[in-house]
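Peer 1: Residue numbers for the sequence shown follow the working numbering, so the first one is 45 and each next one is one higher.
Ideal Cβ placement from N, Cα and C applies to all residues, glycine included.
One structure is given below, represented as C-alpha cells, and several questions about it will come after.
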Amino acid sequence: MNNSGFQTIDFVIVGIYMVLLVSLGLFLSRNKKGEQKTANDYFLAGNKLTWWAVGASLIAANISAEQFIGMSGSGYKIGICVAAYEIMAAVTLIIVAKFLLPVMLKRHIYTIPQFLRERYNDGVGMAFSVFWLFLYIFVNLTSVAWLGSIAIEQILGLEGYRMQIVLILFIIAGIYSIYGGLASVAWTDVLQVVFLIGGGLVTAYFALEAVSGEGKGALEGMSIIFEKLKSIPNDTHFNLIVDKSKSPDAFRDLPGIAAIVGGVWLTNIGYWGFNQYIIQKGLA
Numbered sequence: 045m046n047n048s049g050f051q052t053i054d055f056v057i058v059g060i061y062m063v064l065l066v067s068l069g070l071f072l073s074r075n076k077k078g079e080q081k082t083a084n085d086y087f088l089a090g091n092k093l094t095w096w097a098v099g100a101s102l103i104a105a106n107i108s109a110e111q112f113i114g115m116s117g118s119g120y121k122i123g124i125c126v127a128a129y130e131i132m133a134a135v136t137l138i139i140v141a142k143f144l145l146p147v148m149l150k151r152h153i154y155t156i157p158q159f160l161r162e163r164y165n166d167g168v169g170m171a172f173s174v175f176w177l178f179l180y181i182f183v184n185l186t187s188v189a190w191l192g193s194i195a196i197e198q199i200l201g202l203e204g205y206r207m208q209i210v211l212i213l214f215i216i217a218g219i220y221s222i223y224g225g226l227a228s229v230a231w232t233d234v235l236q237v238v239f240l241i242g243g244g245l246v247t248a249y250f251a252l253e254a255v256s257g258e259g260k261g262a263l264e265g266m267s268i269i270f271e272k273l274k275s276i277p278n279d280t281h282f283n284l285i286v287d288k289s290k291s292p293d294a295f296r297d298l299p300g301i302a303a304i305v306g307g308v309w310l311t312n313i314g315y316w317g318f319n320q321y322i323i324q325k326g327l328a
C-alpha cells in the first residue's frame, strides 16, 4: 500500500531520471571505435575531465544522504554553525590543489596508499589500504546507502523494503560505475549536482513560502523565521561561531573558534586531501 502521496506521474519521473542517469554514464564513457580503454582511462578518466566536471564531481561525492539527513538535522538542532565544515572545506580545497595535487601529478602518484609508500614505506601504505577499505565499506558506503534507503522508504511509503532499496541503489550505481569507470561516475555526478542544487533551491523556496503563508513569498518566510528566533532568549541558530555561555549543547559539538581553526581544519585536510574517492577525482 502506498501511503507516500506519490502519484503515478511521480514514479514515472523517478524512473525516467534513473534511466537517464545510467544511460548518460554508459554513453559518455563508451569507447570510441578502434580504441581500447587503458587503466588510466578507467581509473582517472584519461586525465581529460574539464575543471567544472571535476568540481561538480567533488561536490556530488561530498553530498549524499548523510548530508541531507544528518547535517539538516544538526542545522535544525544547533544552527548554521554546522556550515563551518563546508566553509573550511573551501580553504582546504585550495591548499590541496596548490600543494598536494601537483606533487602527486608530478610523481605519477594516483592513490593515497601509493603516496604513503613513497613517502614512508610499504608497511604504512598497506596499513592505510586495509584501514581505508574497512572504513569505506563498513562505515561510509554502508551508512550512506542505509540512510538513502530510509529516505526513499519514507518518501515512497515502502515500509519493510529497506534492504531491497539498498540493493537497487547498489545495482543502479554499479551498472555505470563498473562499466564506465571514473569518467562515467564524473559525468553522472555533473547531472546529479544540477538536480541537487536546483532541487535544493526549489525546496528551500517552497519551504519558506509555506512558512510565510499562502502567496506571501519566500522572503516573507525568511523574515518570519528571523523574528521568531530573535524572540527566543540566547538563541544562536544564526551564529557561525558558537558562544558557550549561550548555547552549551551546541558548543559541545562545535566549540567556537577553536572548532574552525582546530578540529574542523584537521578533519577537512584528512577528508579532502587523503580521501581516495575525493583525491582520485582531483587527479583526473
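Mapping the DSSP letters down to three states, classify Arg-161 as helix, strand or coil.
Peer 2: To locate residue 161, count along the sequence shown from 1; it is residue 117. Reduced to three states, the DSSP call for Arg-161 is helix.
Peer 1: Restricting to Cα atoms, I'd like to know which of Ala-328, Val-66, Val-58 and Gly-59 is closest to Tyr-223.
Peer 2: By 1-based counting over the sequence shown, the position of residue 223 is 179. Of the listed residues, the one whose Cα sits closest to Tyr-223 is Val-66.
Peer 1: In terms of alpha-carbon separation, which member of Ala-262, Arg-151 and Gly-225 lies closest to Asp-85?
Peer 2: Position 41 of the sequence shown, counting from 1, holds the residue named residue 85. Here the closest residue by C-alpha is Gly-225.
Peer 1: Counting only C-beta atoms, is Trp-176 closer than 8 Å to chain D at any point?
Peer 2: Within the model displayed, chain D is absent; a lone protein chain is all it includes.
Peer 1: Considering Cα atoms alone, identify which of Tyr-205, Asn-319 and Ala-328 is closest to Leu-160.
Peer 2: Within the sequence shown, the letter at position 116 stands for residue 160. Per the Cα distances, Asn-319.
Peer 1: Between Val-234 and Ser-108, which are expected to be in contact by the criterion C-beta below 8 Å, what is the C-beta distance as a whole number of angstroms?
Peer 2: Locating residue 234 in the sequence shown gives position 190, counting from the first residue. Locating residue 108 in the sequence shown gives position 64, counting from the first residue. Wrong, their Cβ atoms sit about 16 Å apart, outside the cutoff.
Peer 1: Measuring alpha carbon to alpha carbon, tell me which residue in Leu-327, Ile-323 and Leu-310 is nearest Ala-128.
Peer 2: For this step, residue 128 is matched to residue 84 along the sequence shown. Considering only alpha carbons, the answer is Leu-310.
Peer 1: Where are the alpha helix (DSSP H) runs, 4 residues long or more, that stay fully inside the segment 160-233, in chain order?
Peer 2: DSSP runs (the alpha helix (DSSP H)) wholly in the segment 160-233: 166-179 and 186-200.
Peer 1: Quick check on the burial criterion: 16 or more other C-beta atoms within 10 angstroms. Buried or exposed for Pro-157?
Peer 2: Against the sequence shown, residue 157 aligns to sequence position 113. Pro-157 comes out buried.
Peer 1: Provide the residue span of the alpha helix (DSSP H) that contains Met-115, from first to last.
Peer 2: For the purposes of this step, residue 115 is taken as residue 71 along the sequence shown, with counting starting at 1. Looking at the DSSP string, Met-115 is not in any alpha helix (DSSP H), and its letter there is neither H nor E.
Peer 1: Taking only the alpha-carbon atoms, compute the straight-line gap between Ser-291 and Ser-275 and give it to the nearest angstrom.
Peer 2: Along the sequence shown, one-based indexing puts residue 291 at 247. Along the sequence shown, one-based indexing puts residue 275 at 231. Straight-line Cα distance between these residues: approximately 15 Å.
Peer 1: Could you tell me which of Leu-88, Asp-54 and Lys-81 sits nearest to Gly-326, measuring between CA atoms?
Peer 2: Position 282 of the sequence shown, counting from 1, holds the residue named residue 326. When each option's Cα is compared against that of Gly-326, the closest is Leu-88.
Peer 1: Could you spell out the range, first to last residue, of the alpha helix (DSSP H) harbouring Tyr-86?
Peer 2: Along the sequence shown, read from residue 1 onward, the residue named residue 86 stands at position 42. Looking at the DSSP string, the run of the alpha helix (DSSP H) that includes Tyr-86 is 83-88.
Peer 1: CA-CA distance, Asp-279 and Thr-247?
Peer 2: On the sequence shown, residue 279 is found 235 positions in, with the first residue counted as 1. On the sequence shown, residue 247 is found 203 positions in, with the first residue counted as 1. If you take the alpha carbons of Asp-279 and Thr-247, they lie about 25 Å apart.
Peer 1: For Val-286, which of helix, strand or coil comes out of DSSP?
Peer 2: For the purposes of this step, residue 286 is taken as residue 242 along the sequence shown, with counting starting at 1. Val-286 falls in the coil class under three-state DSSP.
Peer 1: Taking the straight line between their C-alpha atoms, what separation do you get for Ile-209 and Glu-197?
Peer 2: Looking up residue 209 in the sequence shown gives position 165. Looking up residue 197 in the sequence shown gives position 153. The straight-line gap from Cα to Cα measures roughly 8 Å.
Peer 1: On the CB-based measure, 16 or more other CB atoms within 10 Å of its CB, does Ile-122 come out buried or exposed?
Peer 2: The residue given as residue 122 occupies position 78 in the sequence shown. Buried, because 16 or more other Cβ atoms sit within 10 Å of the Cβ of Ile-122.
Peer 1: Would you check if the distance between the CB atom of Met-132 and the CB atom of Asn-312 is smaller than 8 Å?
Peer 2: For the purposes of this step, residue 132 is taken as residue 88 along the sequence shown, with counting starting at 1. For the purposes of this step, residue 312 is taken as residue 268 along the sequence shown, with counting starting at 1. The answer is yes: Cβ separation under 8 Å.
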